[in-house]
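I have placed the structure first, in the form of structure tokens, so that the comments after it can refer back to it.
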Amino acid sequence: MSFEDTVEQILSSRKDITRDEVLKMIEEKKASAKGFFTDEAAARMVASDLAVKIPMDPLQPKMEIKHLISGVNDVTVTGRIIIVHHPQTFTRSDRTEGKVARSLIADRSGTVRVVLWDEKTRIVENGKIKQGQIAKFSHGYTRKGFDGKLELHIGSQAEIKTVPPDADESAYPHVTQFLKKIGEITIKDKKTNVVGIIQHVYPVSTFKRRDETEGKVRRLQLEDETDRITVAFWNQKVDELGEVEIDDYLQIMDARVKQRLDGGVELHVDNRTQIQILTEKPPHLIRLPAPYSPLTKIAEIKQKTESINVEGKIETEPSIREVTTSRGEKVMVASFQLSDETGKIGVSVWRRLVDIVKPLDAGSHIKIKDAYVTKGFSNRLELTSRSSTSIEVLDNE
């Protein structure tokens, strides 16, 4: 409905108000919003204040996302669902249980977080609202979240309707527009969305937390045409991931970006992250070309080298011990000396790689790929494994 139609609807419903009075109220509403309301949006807000119901085209939003401001009631917005999280339960101060489900929607003007409360979360639980759909959220209210960002809250009086497939798709950006290439991810992102091809899957590891409860983590390598990245799945997300395989297509939304010990980045998947195994190859997703990986002689290893591939003989039987990481995770680490014809160097390998070197004796011939260089005791250079490191046991002869 146009601005003029809205004004006429108000006048026909409220015979006690003149046109000039309606126009004045609309201007005051626009002024109170400091220019963030369009004429049509302000007219609809005035109609709401006057208890005048305005019919609405189900394919059109009441206002664009960029026009939303905090503290407004009876808001209706239509957008494409970019991220939708599973509901979480909580206990209120009166000890009653509540539910909340968060999502992110977008139109061509911007994005906004949508917060569904209590019975409204059922639409997520029963799968009636999914990523990629266009949905209309009616009679919500806006406020700022704990991080200061605007949120649209959907309570008991609100309505949620998915828009028919013949809606104008051009008005709503596609989910792929919110995905980032792996090679572009930096620690400044804090959170990110990616899609990639699973390049390697590591076994599940369990650990004891400080409170003696047990947790679990599973890591995998994800790649696109720009780079590879390690992804760590924690606790219930390990079960949600299930038994994935190399070459599966995986989409991850709202993952946390964490810095590795070597300065690189990895992704962490927790209960606020959305994961999806894709049944078809996403358009334009390309595998990372296999890099040329020459071997480095031990004498040529330098501290600032980002990735090292070495081949040599184990000089000392691996020493196995358990250590506790800064996150409280108890993991195994194996240490040994490796030598080639140019020299010797200390090596420490972690987690799953311990099982590979544990049965090896001094004199075993191995190849280590994608290790990084650190300084150990007495400032001596050492090799340390990371999640992408692999070890191949070679023919001793």
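Going by this note's numbering, the first residue of the sequence shown is number 89, and it counts up by one from there. Virtual Cβ for every residue (Gly too), placed ideally from N, Cα, C. This structure is a prediction, so every number in the text was calculated from the model and none was measured.
- Separation of LYS457 and SER478 (C-alpha to C-alpha, rounded to the nearest whole angstrom) is 5 Å.
- Excluding its 5 nearest sequence neighbours in each direction, ILE386 has C-beta neighbours in its own chain below 8 Å: VAL398, GLY400, LEU426, SER427, ASP428, THR430, GLY431, LYS432, ILE433, listed in chain order.
- The alpha-carbon of GLN339 is positioned some 24 Å away from that of ALA259.
- It is roughly 29 Å from the alpha-carbon of VAL437 to the alpha-carbon of VAL282.
- Here the alpha carbons of SER158 and LEU349 stand approximately 41 Å from one another.
- In the structure shown, SER466 falls within a helical segment according to DSSP collapsed to helix, strand and coil.
- Taking C-alpha positions only, ASN359 is separated from GLN324 by approximately 7 Å.
- Under the three-state reduction of DSSP output, GLY271 falls in the helix class.
- Rounded to whole angstroms, the separation of the alpha carbons of LYS237 and VAL319 is 27 Å.
- Under DSSP, ARG190 forms a beta bridge with VAL203.
- In this structure, the straight-line span from the alpha carbon of GLU272 to that of THR413 is close to 28 Å.
- In chain order, SER407, SER436 place their CB closer than 6 Å to the CB of SER423, counting only its own chain and leaving out the 5 sequence neighbours on each side.
- When DSSP assignments are scanned along the segment 280-324, the uninterrupted stretches of beta strand (DSSP E) that are 3 or more residues long and fall wholly within it turn out to be 293-296, 302-311, 316-322.
- In terms of CA proximity to THR209, HIS241 leads the group ILE98, HIS241, ARG183, ARG180.
- Short of 7 Å from the beta carbon of LYS117, and not among the five residues preceding or following it, lie these beta carbons of its own chain, in chain order: PHE125, ALA130, MET133, VAL134.
- Using a C-beta cut-off of 8 Å, the segment 222-236 makes no contact with the segment 288-301, since fewer than three inter-stretch Cβ pairs fall below that distance.
- Residue range 418-428 is occupied by the beta strand (DSSP E) that includes SER423.
- In this structure, ILE211 lies away from PHE225, with their beta-carbon atoms at least 8 Å apart.
- Taking 8 Å as the cut-off, the beta carbon of VAL251 is found no closer than this to the beta carbon of ILE217.
- Counting other Cβ atoms within 10 Å of its Cβ, VAL95 reaches 16 or more and is therefore classed as buried.
- Under the 10 Å beta carbon count, VAL411 is surrounded by fewer than 16 other beta carbons and is classified as exposed.
- In the displayed model, ALA246 falls within coil according to three-state DSSP, outside both helix and strand.
- If one requires a minimum length of 3 residues, the beta strand (DSSP E) runs lying completely within the segment 366-405 are 396-402, in chain order.
- In the structure shown, the three-state DSSP call for ALA223 is strand.
- Secondary structure note for PHE178: its beta strand (DSSP E) is the uninterrupted segment 176-179.
- For HIS262, the secondary structure class from DSSP, reduced to helix, strand or coil, is coil.
- Per DSSP, LEU448 is not a residue of any alpha helix (DSSP H), being assigned neither H nor E.
- Here LEU192 is buried: its Cβ has 16 or more other Cβ atoms, across all protein chains shown, within 10 Å.
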